[in-house]
Amino acid sequence: MSAATTSFPNTPEAWDLPSRGKVAMAGLIIAESAIFTIFVVAYLFYLGKSITGPTPSEVLETPIFYTICLLSSSLTIHFAAKCLARSITFAFLGLWLLTITLGGLFLYGTAREWHRLIYDHGLTISTNLFGTTYYSLVGLHAFHVTAGLIMLAIVAVFGLTGRVGVKQSGRIEVLSMYWHFVDAVWVVVFTVVYVLGR
Amino acid sequence: MSSNVITVPVGQIEARPWVDELHQWLTTVDHKRLGILYIVSALLFLVIGGVEALIIRVQLMHSHNNFVSPEVFNRMFTMHGTTMIFFVAMPVLFGFANYLVPLMIGARDMAFPRLNAFSFWLSFLGGLLLYFSFLGGSGLYGAGNAPDVGWWSYAPLGARAFSPGHSSDYWTLALLVSGFGSIGTAINIIATILCLRCPGMKLNRMPLLAWLNLVMAGMVLLAITPLSAAQIMLLIDRYLGGHFFDTQAGGSAVLWMHFFWIFGHPEVYILIIPCFAFMSEIIPVFSRKPIFGYPVMVAATVCIAFVSLSVWAHHMFTIGMSSYANSFFTLTTMVIAVPTGIKIFNWIGTMWGGKIQFKTAMLFSIAFLFQFLIAGLTGVMMACSPFDWQLSLSYFVVAHFHYVIVGGILFALFGAFYYWYPKMTGRMLSERLGRWHFWLFLIGFHLTFDVMHIPGILGMPRRIYTYEPGRGWDTLNLIVSIGAFIQAIAILVFVANLIISYFKGAEAGNDPWDAWTLEWSVSSPPPAYNFATVPTVSSRRPLWDLKHPEDPDSRYE
Numbered sequence: 002m003s004a005a006t007t008s009f010p011n012t013p014e015a016w017d018l019p020s021r022g023k024v025a026m027a028g029l030i031i032a033e034s035a036i037f038t039i040f041v042v043a044y045l046f047y048l049g050k051s052i053t054g055p056t057p058s059e060v061l062e063t064p065i066f067y068t069i070c071l072l073s074s075s076l077t078i079h080f081a082a083k084c085l086a087r088s089i090t091f092a093f094l095g096l097w098l099l100t101i102t103l104g105g106l107f108l109y110g111t112a113r114e115w116h117r118l119i120y121d122h123g124l125t126i127s128t129n130l131f132g133t134t135y136y137s138l139v140g141l142h143a144f145h146v147t148a149g150l151i152m153l154a155i156v157a158v159f160g161l162t163g164r165v166g167v168k169q170s171g172r173i174e175v176l177s178m179y180w181h182f183v184d185a186v187w188v189v190v191f192t193v194v195y196v197l198g199r
Numbered sequence: 086m087s088s089n090v091i092t093v094p095v096g097q098i099e100a101r102p103w104v105d106e107l108h109q110w111l112t113t114v115d116h117k118r119l120g121i122l123y124i125v126s127a128l129l130f131l132v133i134g135g136v137e138a139l140i141i142r143v144q145l146m147h148s149h150n151n152f153v154s155p156e157v158f159n160r161m162f163t164m165h166g167t168t169m170i171f172f173v174a175m176p177v178l179f180g181f182a183n184y185l186v187p188l189m190i191g192a193r194d195m196a197f198p199r200l201n202a203f204s205f206w207l208s209f210l211g212g213l214l215l216y217f218s219f220l221g222g223s224g225l226y227g228a229g230n231a232p233d234v235g236w237w238s239y240a241p242l243g244a245r246a247f248s249p250g251h252s253s254d255y256w257t258l259a260l261l262v263s264g265f266g267s268i269g270t271a272i273n274i275i276a277t278i279l280c281l282r283c284p285g286m287k288l289n290r291m292p293l294l295a296w297l298n299l300v301m302a303g304m305v306l307l308a309i310t311p312l313s314a315a316q317i318m319l320l321i322d323r324y325l326g327g328h329f330f331d332t333q334a335g336g337s338a339v340l341w342m343h344f345f346w347i348f349g350h351p352e353v354y355i356l357i358i359p360c361f362a363f364m365s366e367i368i369p370v371f372s373r374k375p376i377f378g379y380p381v382m383v384a385a386t387v388c389i390a391f392v393s394l395s396v397w398a399h400h401m402f403t404i405g406m407s408s409y410a411n412s413f414f415t416l417t418t419m420v421i422a423v424p425t426g427i428k429i430f431n432w433i434g435t436m437w438g439g440k441i442q443f444k445t446a447m448l449f450s451i452a453f454l455f456q457f458l459i460a461g462l463t464g465v466m467m468a469c470s471p472f473d474w475q476l477s478l479s480y481f482v483v484a485h486f487h488y489v490i491v492g493g494i495l496f497a498l499f500g501a502f503y504y505w506y507p508k509m510t511g512r513m514l515s516e517r518l519g520r521w522h523f524w525l526f527l528i529g530f531h532l533t534f535d536v537m538h539i540p541g542i543l544g545m546p547r548r549i550y551t552y553e554p555g556r557g558w559d560t561l562n563l564i565v566s567i568g569a570f571i572q573a574i575a576i577l578v579f580v581a582n583l584i585i586s587y588f589k590g591a592e593a594g595n596d597p598w599d600a601w602t603l604e605w606s607v608s609s610p611p612p613a614y615n616f617a618t619v620p621t622v623s624s625r626r627p628l629w630d631l632k633h634p635e636d637p638d639s640r641y642e
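Chains as they are written, first to last, in our numbering: chain A, 2 to 199; chain B, 86 to 642.
1. Who are the neighbours of A/K50 on chain B, taking C-beta pairs under 7 Å?
2. Kindly indicate if chain A contains any beta-carbon less than 8 Å away from that of B/I268.
3. Determine the chain B residues that contact A/R21 at a beta-carbon separation under 9 Å, and present them in chain order.
4. Mind pulling the chain B residues with CB within less than 8 Å of A/F46?
5. Let me know the alpha helix (DSSP H) ranges lying completely inside the region 473-531 of chain B, each 4 residues or longer, listed in chain order.
6. Looking only at its own chain, which residues have a Cβ that is under 6 Å from the Cβ of B/V132, when we skip the five neighbours before and after it?
7. How about A/S75: is its Cβ closer than 7 Å to a heavy atom in the ligand ATP?
8. What span of residues does the alpha helix (DSSP H) with A/V193 cover, start to end?
9. DSSP state of A/T6, grouped into three classes?
10. Please report the residue range of the alpha helix (DSSP H) in which B/W644 lies.
11. List the residues that DSSP assigns as beta-bridge partners of B/E592.
12. Across the region 326-335 of chain B and the region 257-269 of chain B, are there enough close Cβ pairs to call them in contact, namely three or more that are closer than 8 Å?
13. Consider the Cβ of B/M318: report whether some Cβ of chain A lies at a distance smaller than 8 Å.
14. For A/A25, go through chain B and note every residue whose CB falls closer than 9 Å to its CB, in chain order.
15. For B/W341, I'd like the list of residues in its chain whose CB is within less than 6 Å of its CB, leaving aside the five on either flank, ordered along the chain.
16. Tell me which residue opens and which closes the alpha helix (DSSP H) that B/A127 is part of.
17. Distance check for B/S586 and B/P597, CA to CA, integer angstroms please.
18. In the DSSP assignment, find the unbroken alpha helix (DSSP H) run with B/L294 in it and report its ends.
19. Does the CB of B/N298 have a neighbour CB from chain A at under 8 Å?
20. Have a look at B/M164 and B/S208 and give me their C-alpha separation to the nearest angstrom.
21. Using the Cα positions of B/S88 and B/D599, report the straight-line distance between them to the nearest angstrom.
22. Per DSSP, what are the beta-bridge partners of B/P546 in this structure?
23. Using a Cβ-Cβ cutoff of 7 Å, what residues of the region 173-186 of chain B are near chain A? List them in chain order.
24. With three or more beta-carbon pairs closer than 8 Å as the criterion, would you say the region 273-281 of chain B touches the region 349-369 of chain B?
25. Determine the direct distance from the alpha carbon of B/H531 to that of B/P249, and round the result to whole angstroms.
26. Enumerate in chain order the residues of its own chain whose CB-to-CB distance from B/L128 is below 7 Å, with the five nearest sequence positions on each side excluded.
27. Go through its chain and collect everything with a Cβ distance to B/V370's Cβ below 6 Å, but skip five positions before and after it.
28. What residues from chain B crowd round A/S58, counting only those whose CB sits closer than 8 Å?
29. Please confirm if B/A314 has its CB atom under 8 Å from at least one CB of chain A.
30. Please report whether the beta-carbon of B/T415 lies at a distance below 8 Å from any beta-carbon of chain A.
31. List the endpoints of the continuous alpha helix (DSSP H) containing B/I429.
32. Pick from B/N159, B/P637, B/I433 and B/M195: whose alpha carbon is nearest that of B/L454?
33. How many whole angstroms separate the CB atoms of B/A385 and B/I427, which I take to be in contact at a CB cut-off of 8 Å?
34. Is B/Q456 near B/G405, with beta carbons less than 8 Å apart?
35. Determine the DSSP secondary structure at A/C84, reduced to helix, strand or coil.
36. Which residues of chain B have a Cβ atom closer than 9 Å to the Cβ of A/T133, listed in chain order?
Structure follows, in structure tokens:
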């Protein structure tokens, strides 16, 4: 480097730093992953340790349809963000609303399952260790889905009033990172609760 | 040389009515003001936590004392621990990080100024929530008051049956809320350092303070969150009838310990790494030499961060883990002493052959080196699980971790105060009062915490309310308590110095220490926008390059 003559050179080399939104979302995802890890550890640790019933194998049914809904919403939001980056606003809005619908369907599925567990099987958060850990883990995830849906809905409102364009593409990508994270967490929760846990 | 010298704009400060001034402080999103708010709120809680420590020490001054009731004593040690860790140490370190990181990397503010303000107010209001328990802790049940189950709140003590009323709820919510604040600040620090460095400030040219705070922020993301998760579980247990830590329903009290300590031990490193950062800035400047072994310092820090995530169960040797677990955690705990030793070696290497200036900041730094070494050595002793079986839950442990937190963290912090106060206020702290502060605090510290090891070895358990005479503990405890009061006097001298120097201190100018990092290139205190023109750097010591154009560092990179 020819910096021997200039201590503060006037012309900096190419200076390219990552986007702060993406870095911050990555940070949030790391933090959230640690929180989920603790809840997953608690779930696994207490598997089969409940003193009274019902047990997971007696009452849980694998929510395949709703899982497909949530996982495919990751695809739709991905393509929605792509469309926005290429300023195909109409396709963006369509895919965005589809994402919200799929996310909403998933939440409906969780609600149905909880209704069935509570009213048909009498399993509440205070029934036994399974109830405590199950509702906490699945509830924590559902809470994140809800938070994501609220943010998606806000974008949808702005989109429908014509205020989301290429300019907002970077922010939409940050939001889509969050949504992918919520989906990835469901893969873990699904595996732990419905596959390993039964 | 280039004419692009960083301009030093003179801040136009107009006198405003105090209501406007207050409004400005309450609504500020400026990283420097938020940094000062963090630091001032931490000092406030330091005084409160210090008074609680003094109450504990008066109670233990001699055997069969009843200065306070056992209930109050329990509240005092619980509140002392919680306050000092969550509402003194964390905020004050975040305050310095907030203030210094953008200035050191040539940025105009943090990456997310409003998130920054939000995080500060979460932390601060979390502290107020904790202290509101003195008023609201009784709740509807008329039971309880301030939290009194220890700062670990071990299960089942935190459960409804053993902690009725709302005292534990205030504890839980305060930690949850301030934890979210910490996560917000950590994300902000990471985004600032990775995304807002000025041109030329490559990662391997960043001041070590920025590097170490980056590592600290990463650890916050991984270590504070388990505590938040555990607090959510505790809330579920207490309010929704959950059974996470309810042994009667098959729950496990040991799980709480794991969750608490997987937060608790990295937390120690979250607190000490920013102090390493202070040392890595202060020692080179007052030794008039660049830091020795910069890349190794970074590597050692990352190594410490990594290993510190796998040492937590050394707090739990006495609960009866398997011999494999005991061996694993003994080994990891000893291993972490290696990178820490490398750091101490490098600081001494920096001082070696330097023209050392014994300013107050440097005195505190040198004391830090000695005391942190001793704290680390007792740490290695405790890492041996058989040794720990003998001394766990005794005053030896209390002496050990206070040696880390007071002898290490607090001494480093005092050094940082003396070093950066001129930058923050534009006035020098008095060296004369500084020396009084240093020597009084040093004497008080050693009187208290050196001596405190001995009753621990003689079998005095921690957290006991009082003790029988004739066990050989009386004189020792009296000495410990006297030392505590000497430290309190030293703190008063320090606070007096802060206040008097603010009004009467000598003008600091931009660069009172002839230092090398970017914060010293702007006025003291810096203008709201930090840098009129964003600087460009070409070495680790941009101000050295500026002052010595004939022999810049950048020539050797």
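For every residue, glycine included, the Cβ atom is placed at its ideal position computed from N, Cα and C.
None of the values given here were measured: they were computed from a predicted structure.
Checking against the coordinates, here is how it stands:
1. By one-based count along the first sequence, residue 50 of chain A stands at place 49. The contacting residues are G335.
2. Position 183 of the second sequence, counting from 1, holds the residue named residue 268 of chain B. Chain A contact via Cβ: present.
3. Counting from 1 along the first sequence, the entry for residue 21 of chain A is found at position 20. Simply A196, F197, A276, T277, L279, C280 and L281.
4. Translated into the one-based positions of the first sequence, residue 46 of chain A becomes position 45. Chain B residues near A/F46: S337 and L340.
5. 480-487 and 496-510
6. Taking the second sequence and counting its residues from 1, one reaches residue 132 of chain B at position 47. Correct list: empty, nothing qualifies.
7. Summarising the ligand content, the structure contains no ligands, and the ligand ATP is consequently not present.
8. Within the first sequence, numbered from 1, the residue matching residue 193 of chain A stands at position 192. Unbroken run through A/V193: none, as it is neither H nor E.
9. Numbered from its first residue, the first sequence carries residue 6 of chain A at position 5. Low confidence applies here, because A/T6 scores a pLDDT of 38, under 50, leaving its location unreliable; read the following figure in that light. Three-state DSSP puts A/T6 in coil, outside helix and strand.
10. What is shown of chain B runs 86 to 642, which leaves residue 644 of chain B out entirely.
11. Taking the second sequence and counting its residues from 1, the one referred to as residue 592 of chain B is at position 507. According to DSSP, which records beta bridges pairwise, B/E592 is partnered with B/R512.
12. no
13. In the second sequence, residue 318 of chain B corresponds to position 233, counting from 1. Interface residue, yes.
14. Counting from 1 along the first sequence, the entry for residue 25 of chain A is found at position 24. Here the neighbours are A196, F197, L200, I272, N273, I275, A276 and C280.
15. What you label residue 341 of chain B is simply residue 256 of the second sequence in a count that begins at 1. If we look at B/W341 and ignore the five residues flanking it on each side, its Cβ neighbours are A240 and F330.
16. On the second sequence, residue 127 of chain B is found 42 positions in, with the first residue counted as 1. H116 to Q144 is the span of the alpha helix (DSSP H), which, as asked, contains B/A127.
17. Taking the second sequence and counting its residues from 1, the one referred to as residue 597 of chain B is at position 512. Taking the second sequence and counting its residues from 1, the one referred to as residue 586 of chain B is at position 501. Each residue's Cα considered, the two are about 15 Å apart.
18. The residue you call residue 294 of chain B lines up with position 209 of the second sequence. Looking at the DSSP string, the run of the alpha helix (DSSP H) that includes B/L294 is L293 to Y324.
19. On the second sequence, position 213 is the one that residue 298 of chain B refers to. So, not an interface residue.
20. By one-based count along the second sequence, residue 164 of chain B stands at place 79. By one-based count along the second sequence, residue 208 of chain B stands at place 123. One C-alpha to the other measures close to 16 Å.
21. On the second sequence, residue 88 of chain B is found 3 positions in, with the first residue counted as 1. On the second sequence, residue 599 of chain B is found 514 positions in, with the first residue counted as 1. The predicted model places B/S88 with a pLDDT of 41, which falls under 50 and marks its position as unreliable, so this point remains unresolved.
22. Locating residue 546 of chain B in the second sequence gives position 461, counting from the first residue. B/S479.
23. none
24. no
25. In the second sequence, counting from the first residue as 1, residue 249 of chain B sits at position 164. In the second sequence, counting from the first residue as 1, residue 531 of chain B sits at position 446. Roughly 40 Å between the two C-alpha positions.
26. Here residue 128 of chain B is taken as the residue at index 43 of the second sequence, counted from 1. None.
27. If you number the second sequence from 1, residue 370 of chain B lands on position 285. If we look at B/V370 and ignore the five residues flanking it on each side, its Cβ neighbours are W598 and A600.
28. Walking along the first sequence from the start, residue 58 of chain A turns up at place 57. Residues of chain B passing the Cβ test: none, with the nearest at roughly 17 Å.
29. Reading the second sequence from its first residue, position 229 is the one you call residue 314 of chain B. Yes - at least one Cβ of chain A is within 8 Å of the one on B/A314.
30. Sequence index remark: in the second sequence, residue 415 of chain B carries index 330 (1-based). Taking Cβ atoms only, chain A never reaches closer than 8 Å to B/T415, which makes this a no.
31. Translated into positions along the second sequence, residue 429 of chain B becomes position 344. Here the alpha helix (DSSP H) through B/I429 covers A422 to M436.
32. The residue labelled residue 454 of chain B in the question sits at position 369 within the second sequence. The candidate whose alpha carbon is nearest that of B/L454 is B/I433.
33. Taking the second sequence and counting its residues from 1, the one referred to as residue 385 of chain B is at position 300. Taking the second sequence and counting its residues from 1, the one referred to as residue 427 of chain B is at position 342. Yes, B/A385 and B/I427 are in contact; Cβ-Cβ is about 5 Å, under 8 Å.
34. Translated into the one-based positions of the second sequence, residue 456 of chain B becomes position 371. Translated into the one-based positions of the second sequence, residue 405 of chain B becomes position 320. Cβ atoms of B/Q456 and B/G405: not closer than 8 Å.
35. Within the first sequence, residue 84 of chain A is the residue found at index 83, counting from 1. A/C84: helix per DSSP, three-state reduction.
36. As a working mapping, residue 133 of chain A is identified with position 132 in the first sequence. By Cβ distance, chain B contributes M318, I321, D322, L325, G326, G327, H328, F329, D331, A334 and G336.
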